[in-house]
Each structure stands twice: as C-alpha cells, then as structure tokens.
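Following: one structure in structure tokens, then a few remarks.
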Amino acid sequence: MSNALEINNLLFKWNNEDNFLLKINKLSIKNNNKVIMFGESGSGKSTLLNLISGILSPISGTIIIKNKKITQFTPNKKDAFRANNIGVIFQQFNILDYISPLQNILLPCFFTNFKKKNKKYFYDRAFELAHKLGLNKNILLQTNSNKLSVGQKQRVAILRSVINKPFLILADEPTSALDNKNKENFLDLLMTICETEKVTLLMVSHDTSLKKYFNSFINLEKISHSK
Numbered sequence: 017m018s019n020a021l022e023i024n025n026l027l028f029k030w031n032n033e034d035n036f037l038l039k040i041n042k043l044s045i046k047n048n049n050k051v052i053m054f055g056e057s058g059s060g061k062s063t064l065l066n067l068i069s070g071i072l073s074p075i076s077g078t079i080i081i082k083n084k085k086i087t088q089f090t091p092n093k094k095d096a097f098r099a100n101n102i103g104v105i106f107q108q109f110n111i112l113d114y115i116s117p118l119q120n121i122l123l124p125c126f127f128t129n130f131k132k133k134n135k136k137y138f139y140d141r142a143f144e145l146a147h148k149l150g151l152n153k154n155i156l157l158q159t160n161s162n163k164l165s166v167g168q169k170q171r172v173a174i175l176r177s178v179i180n181k182p183f184l185i186l187a188d189e190p191t192s193a194l195d196n197k198n199k200e201n202f203l204d205l206l207m208t209i210c211e212t213e214k215v216t217l218l219m220v221s222h223d224t225s226l227k228k229y230f231n232s233f234i235n236l237e238k239i240s241h242s243k
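Residues in the sequence shown are numbered from 17 upward in steps of one, following my numbering.
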C-alpha cells in the first residue's frame with residue numbers, strides 16, 4: 017500500500033519565536049487509512065494541518081501528497097492542489113447560516129472545477145451523498161442553515177469535505193465542542209463516508225478516547241522533537 021502523505025525533515029516556527037514549534041524527521045500515512053493525531057493545546061496540531069494543506073509553508077523539509085511535493089509548489093499551485101485534493105472539516109464546522117445547506121456543501125466547488133464540469137454532476141452528487149447520511153432534499157433546500165440541528169450541521173460539514181472527491185480529509189478537532197452522543201454520531205458518519213469514498217483521513221484531537229474509531233494513532237509530542 018502506497019503512502020497518501022509523507023513528511024520528511026520538517027521544520028517550522030513562527031517569525032517572532034526563537035524555538036521551533038514543529039520539528040518532524042519523518043511521518044507517513046498509508047492510502048485509505050484513518051489516522052488520529054493526539055497532542056496537547058499549543059503543541060502544533062492545527063499548524064501541522066495548515067502545513068499539510070499548503071496554507072502555511074515550512075522553513076525547510078518536504079511534504080508529499082499524492083506523490084506530489086507540495087512544498088515545491090507556488091502559492092497559486094498550492095491553492096489549486098488543495099481545492100482539488102483536500103477536504104477540510106473545521107473545529108466549529110463553519111456552517112454559514114445565511115445560505116442554504118446545499119450551498120454550504122457546494123462551497124468548495126467554487127474554488128475548483130465547478131465550471132469545468134457539469135454543475136448537475138455536483139448537485140446530483142450532493143443529493144446522493146446527503147441521502148446516504150440521512151439528509152433529505154427538503155432540508156438541503158432550506159433558505160438558510162440557521163435552523164439546522166447539531167446533527168444536521170455535522171452531516172453538512174462532512175458532505176462539504178467530500179463533495180469534490182478529495183484524496184485526503186483533514187479534520188481539526190471537530191468533536192471538541194460536542195457531547196458524547198453527538199461525538200459518537202459524528203465519528204460514525206465520518207468513518208462511513210471515508211470508507212464509501214475511499215478517502216484518507218487525518219484528524220487531530222486531544223481526546224485519546226477517540227482512538228477506537230481509527231486504524232492508527234500518532235502522538236505529536238513523540239514525533240516532533242522541537243523541545
């Protein structure tokens with residue numbers, strides 16, 4: 017099985033800091049694996065996701081996704097690669113209340129090949145995936161999203177992350193504000209859609225009880241030698 021993600025000799029620090037926040041000699045994740053990374057607050061979990069997605073650039077080192085060295089890409093090429101290959105689930109889901117659930121799901125399409133492909137393809141895909149997660153057409157077509165339940169927002173966030181058929185999903189502590197029931201529901205749905213879509217998943221969290229849902233886990237403090 018080939019690697020979905022490889023990191024080699026990565027160094028990163030903020031401009032106003034003397035010490036490195038991240039210093040990772042080697043990290044690799046296999047294709048289609050579902051991996052959770054643990055770390056304390058301030059350990060660099062979210063920063064690492066931003067480096068992997070190309071939002072931030074390391075001081076040195078290589079990040080390879082889909083056999084592409086994204087650390088060698090120009091900013092524009094990084095943006096295009098991210099839009100076409102990486103889905104993101106945010107900590108607070110970031111559902112926009114003033115647009116419909118369907119429009120929320122389709123948001124990533126406007127940064128990629130939405131105009132190149134038939135728009136009907138994306139609409140049909142949104143409805144098909146939503147049906148699999150228990151969201152009917154009437155819910156998707158609501159005028160705005162401010163009346164969605166927590167469970168419905170979870171589903172919209174997951175669907176938005178996979179609408180473009182990404183190669184890799186990055187999830188930044190999406191369960192941190194959820195109670196146990198909603199946490200379990202969210203992870204069950206996320207694992208189902210990753211399995212169905214054959215997507216590699218990297219999720220970061222400080223909650224070690226979530227380990228049971230994943231193929232493997234990583235302790236960031238053990239692989240980052242920044243201290």
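Note that CB positions come from ideal geometry on N, CA and C, so glycine has one too.
Contact between Gly103 and Phe89 is ruled out by a C-beta separation of about 18 Å, above the 8 Å threshold.
Among the bridge pairs identified by DSSP, Glu22 is matched with Ser44 and Ile80. DSSP places Lys61 in the uninterrupted alpha helix (DSSP H) bounded by Lys61 to Ser69. In this structure, the straight-line span from the alpha carbon of Asn48 to that of Gly58 is close to 28 Å. The DSSP-derived three-state label of Asp95 is helix.
Contact annotation: the stretch 174 to 192 touches the stretch 205 to 224, with at least three C-beta pairs closer than 8 Å. A buried status is given to Asn180, since no fewer than 16 other beta-carbon atoms sit within 10 Å of its beta-carbon. Around the beta carbon of Gly55, 16 or more other beta carbons sit within 10 angstroms, so the residue counts as buried. Distance from the CA atom of Lys214 to the CA atom of Lys238, rounded to whole angstroms, is 28 Å.
Membership of Ile52 in the beta strand (DSSP E) is indicated by the continuous run Lys50 to Phe54. Counting along the chain, the unbroken alpha helix (DSSP H) around Phe202 starts and ends at Asn196 to Glu213. Contact between Ile111 and Gly77 fails: their C-beta atoms lie close to 34 Å from each other, not under 8 Å.
DSSP places Asn120 in the helix class (H, G or I) of the three-state scheme.
Here Ala187 carries a strand assignment [DSSP, helix/strand/coil]. The three-state reading of DSSP puts Thr224 in helix, counting H, G and I together. With at least 16 other beta carbons inside 10 angstroms of its own, Ala142 counts as buried. In this structure Leu184 is in contact with Asn101, their Cβ atoms being roughly 7 Å apart against a cut-off of 8 Å. A distance below 9 Å separates the beta carbons of Asn25 and Lys42. Of the residues Leu21, Ala193, Lys46 and Ile209, the one whose Cα lies closest to the Cα of Ser177 is Ile209.
When the beta-carbon positions are compared, Leu205 and Ile174 come within less than 9 Å of each other. The C-alpha of Ser240 lies about 23 Å from the C-alpha of Lys228.
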